[in-house]
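Asker:
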Amino acid sequence: MMVFVVKGNAQTLESQTLKQALKDNFAIGTAMNAWQITGRDTAATRIIKEQFNAIVAENCMKSGRLQPEEGKFTFELADQFVEFGEQNDILINGHTLIWHSQAPRWFFTDEEGQDVSREVLIERMKKHIHTVVGRYKGRVATWDVVNEAILDDGSYRESKFYQIIGEDFIKLAFLFAHEADPEAELYYNDYSMAEPGKREGVVRMVKKLQAEGVKIDGIGMQGHIGLHHPEIREFEKSIEAFADLGVEVMVTELDLTVLPSPWDDQGAEVSKNFDYEDKMNPFPDGLPDEVVDAFNARYLEFFGLFLKHRDKISRVTLWGVADQHSWRNGWPIRGRTDYPLLFDRDNKAKEVVSHIIQLSNQ
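Heads up, the sequence shown is in the working numbering, so the first residue is 2 and it goes up one at a time.
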């Protein structure tokens with residue numbers, strides 16, 4: 002049982018959950034995988050119901066999963082995801098409509114394997130977005146419309162969408178999503194958002210969309226952080242810069258790796274992979290006390306920042322429920338053991354959860 006005395010208040014808090022403690026600040030969410038959506042992972046499903054009031058589809062709503070072949074949609078798992086949110090009165094976020102990384106190959110090519118024309122790709126985008134968003138109209142509250150279109154230096158990523166359509170693919174995606182569900186909130190989502198170059202690039206892109214009258218409701222800052230990167234002040238500058246655009250800010254994919262990085266920037270470019278080395282997997286059997294202390298302090302530093310800017314942040318979402326579910330275990334080096342989430346491999350709340358609850362009540 003967790004018991005705290007709140008500063009300035011004689012009331013004690015007993016067994017409070019994350020969603021109860023944070024309800025007056027922002028929504029607290031988690032990503033759901035297939036085992037949780039289908040109910041096979043009963044322990045994780047229990048945690049989601051008890052602790053979180055927002056969910057996001059980890060993989061089942063990405064275009065490669067929903068439309069692996071042209072015109073053949075596979076909605077079974079996505080339908081179950083939406084039904085779970087509805088049955089448990091949880092905010093549902095759809096992720097993601099347009100993303101270069103998990104788009105099916107057919108999206109960009111003709112029968113001969115050559116790149117399709119600009120007109121064909123625009124039509125395919127429109128059909129996909131209209132079909133998906135239209136199916137869940139009035140049921141999925143928010144959509145990550147475009148994911149990871151800006152590089153760390155602020156330039157546009159030269160994805161197939163960009164190469165064939167140009168930067169207008171972003172505007173078109175938002176227009177198509179708005180046509181399909183005028184009431185849904187529409188977001189742009191990206192990683193390394195504390196990088197000054199990316200911050201400036203995203204601001205330029207959003208300002209251009211706004212000047213053209215395009216509906217964009219928010220910006221998602223993927224929170225894939227480490228013990229030493231990014232600098233928290235740079236993260237804060239991005240929260241402030243994005244909020245100044247008049248849109249909501251979300252922390253969309255929060256996790257905290259304790260493992261060494263094979264590069265310097267600690268980004269989240271999922272196409273990068275490195276070979277396994279024992280020195281890159283220093284904690285296969287558990288974390289030393291000093292690392293636990295550093296982990297707790299880092300999470301509390303960031304939640305303190307989120308609470309400071311509660312007037313700007315509408316949602317904070319963890320990218321997974323418990324450590325065994327995290328993509329961090331296999332990326333960017335397969336076979337490692339990481340500890341990035343708030344619940345451990347026994348599906349028990351870590352010490353830091355009680356600290357976050359206490360912090361939120363101060």
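Yeah, the Cβ is synthetic: ideal placement off N, Cα and C, and Gly gets one too. The model shown is predicted, which means the values in this text are computed figures rather than measured ones.
In chain order, what residues of the same chain lie with their CB nearer than 6 Å to the CB of N89, ignoring the 5 residues before and after it?
Answerer: Here the set comprises K50.
Asker: Go through its chain and collect everything with a Cβ distance to I29's Cβ below 6 Å, but skip five positions before and after it.
Answerer: Contacts found: L19, K20, L23, F53 and V317.
Asker: Could you have a look at T46 and say whether DSSP puts it in helix, strand or coil?
Answerer: Of the three classes helix, strand and coil, the one that applies to T46 here is helix, per DSSP.
Asker: At what residue ranges does the segment 166 to 197 contain a whole run of the beta strand (DSSP E), taking only runs of 3 or more?
Answerer: Counting whole runs of 3 or more residues, the segment 166 to 197 contains the beta strand (DSSP E) stretches 186 to 191.
Asker: Is L306 helix, strand or coil when you go by DSSP?
Answerer: It is helical.
Asker: When burial is assigned at 16 or more other CB atoms within 10 Å of the CB, is G331 buried or exposed?
Answerer: Counting Cβ neighbours within 10 Å, G331 comes out exposed, since fewer than 16 surround it.
Asker: Less than 7 Å between the beta carbons of I93 and A142, yes or no?
Answerer: Result yes, Cβ atoms of I93 and A142 sit closer than 7 Å.
Asker: With 16 as the cutoff for other CB atoms within 10 Å, does F162 come out buried or exposed?
Answerer: With 16 or more other Cβ atoms within 10 Å, it is buried.
Asker: Is the CB-CB distance between F304 and L360 below 7 Å?
Answerer: For F304 and L360, yes; Cβs fall inside 7 Å.
Asker: Can the beta-carbon of H101 be found closer than 7 Å to that of S160?
Answerer: A contact, by the Cβ cut-off of 7 Å.
Asker: State yes or no: is the beta carbon of A55 nearer than 7 Å to at least one beta carbon in chain E?
Answerer: Of the chains in the structure shown, none is chain E; there is only one protein chain.
Asker: Counting along the chain, where does the alpha helix (DSSP H) carrying H225 start and finish?
Answerer: Counting along the chain, H225 falls outside any alpha helix (DSSP H), though it belongs to the beta strand (DSSP E) covering H225 to G227.
Asker: With 16 as the cutoff for other CB atoms within 10 Å, does P333 come out buried or exposed?
Answerer: Buried, because 16 or more other Cβ atoms sit within 10 Å of the Cβ of P333.
Asker: So if DSSP puts V203 in a beta bridge, which residue, or which two residues, is it bridged to?
Answerer: Answer is none; V203 lacks a bridge partner.
Asker: What do you get for D245, buried or exposed, if any count of 16 or more other CB atoms within 10 angstroms of its CB means buried?
Answerer: Exposed, since its Cβ has fewer than 16 Cβ neighbours within 10 Å.
Asker: State the start and end residues of the unbroken alpha helix (DSSP H) segment that holds E84.
Answerer: From DSSP, the alpha helix (DSSP H) with E84 extends over E77 to Q88.
Asker: Grouping DSSP H, G and I as helix and E and B as strand, with all else coil, what is E235?
Answerer: In the structure shown, E235 sits in a helix (DSSP, three-state: H, G or I).
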